[in-house]
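In the working numbering, the protein residues as written are 10 to 240.
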């Protein structure tokens, strides 16, 4: 198997930044800093977003009862709670402290406060899940860092485990929005290549929002399976 790519982004450690009087989030991850500041607003705006199609398709693809699912970027815990109610043994990871607190209070489920761009080992290091779930998350990951995160994600899965994600697509435009959030509108073929190179094979793919005209379906959802070997 090919060696995992090195981590190209090593953000400032939040603890060391705080110790020197700096902002605990902004130097390392401006996207998280934005969501931290406006957590209450996003908690309200996320409430009525329908992801039932994603959850039902993922759980149908998982053959074992009570599958273990780790949600990456679980936000306010909306989908985490839906996964649990659908029969999964779910836990989440959220880089925004305020959102992680909201998710923990709402769901009562394990929530790991962890920046997915951190070079540190995550709190669940050494464990394996039947599935990863990442809804509207990966497009905030800078392209130089995404291969490393996908390789890490592969290591968090059991053999033949599944990885669901739904990501914004576009013509490759990438950069920082005025509010500080990083956004990457990757081409579908770019996402396909990155997933294959990280050792995943496509199981199912569909466009969202469901029922909208094709030109208005700017989100690509897919379920990918961990393969024996990475490209």
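By construction, the Cβ of each residue, glycine as well, lies at the ideal position given by its N, Cα and C atoms.
The model shown is predicted, which means the values in this text are computed figures rather than measured ones.
(message) If you reduce the DSSP assignment to three classes, tell me which class residue 149 lands in.
(response) helix
(message) Suppose you measure from the CA of residue 192 to the CA of residue 76; what does that come to, to the nearest Å?
(response) 31 Å
(message) Counting C-beta neighbours from all protein chains within 10 Å, is the total for residue 7 16 or more, i.e. buried, or is it exposed?
(response) The first residue shown for the chain is 10 and the last is 240, placing residue 7 beyond what the model contains.
(request) Can you grab the Cα-Cα spacing for the pair residue 206 / residue 166, in whole Å? (result) 16 Å
(request) Check whether the stretch 131 to 148 touches the stretch 205 to 219, counting contact only when three or more Cβ pairs, one atom from each stretch, lie closer than 8 Å. (result) no
(message) Suppose contacts are defined by Cβ-Cβ distances below 7 Å. Is residue 227 in contact with residue 177 by that definition?
(response) yes
(message) Please classify residue 108 as buried or exposed, where buried requires at least 16 other C-beta atoms within 10 Å of its C-beta.
(response) buried
(message) At the level of alpha carbons, what is the spacing between residue 124 and residue 236?
(response) 26 Å
(message) Measuring only the C-alpha atoms, how far is residue 211 from residue 43?
(response) 33 Å
(request) Would you mind reading off the limits of the beta strand (DSSP E) that contains residue 142? (result) 138 to 144
(request) Within the same chain, show all residues whose beta-carbon is closer than 7 Å to that of residue 41, passing over the 5 residues directly before and after it, in chain order. (result) 34, 104, 105, 124
(request) Pick helix, strand or coil for residue 58, following the three-state DSSP scheme. (result) coil
(request) Leaving out five residues on either side along the sequence, give the residues of the same chain with a beta carbon under 7 Å from the beta carbon of residue 52. (result) 85, 111
(request) Report buried or exposed for residue 198, applying the criterion of at least 16 other Cβ atoms within 10 angstroms of its Cβ. (result) exposed
(request) Indicate whether residue 62 and residue 219 have their beta-carbon atoms separated by less than 7 Å. (result) yes
(request) With DSSP as the reference, label residue 238 as helix, strand or coil. (result) coil
(request) Determine the burial state of residue 225: buried for a count of at least 16 other Cβ atoms within 10 Å of its Cβ, exposed for fewer. (result) exposed
(request) State the DSSP-derived secondary structure class of residue 36, mapped to helix, strand or coil. (result) Reliability of the predicted coordinates at residue 36 is poor, the pLDDT of 46 falling under 50, and the value obtained from them is presented with this limitation in mind. Coil at residue 36, not helix or strand.
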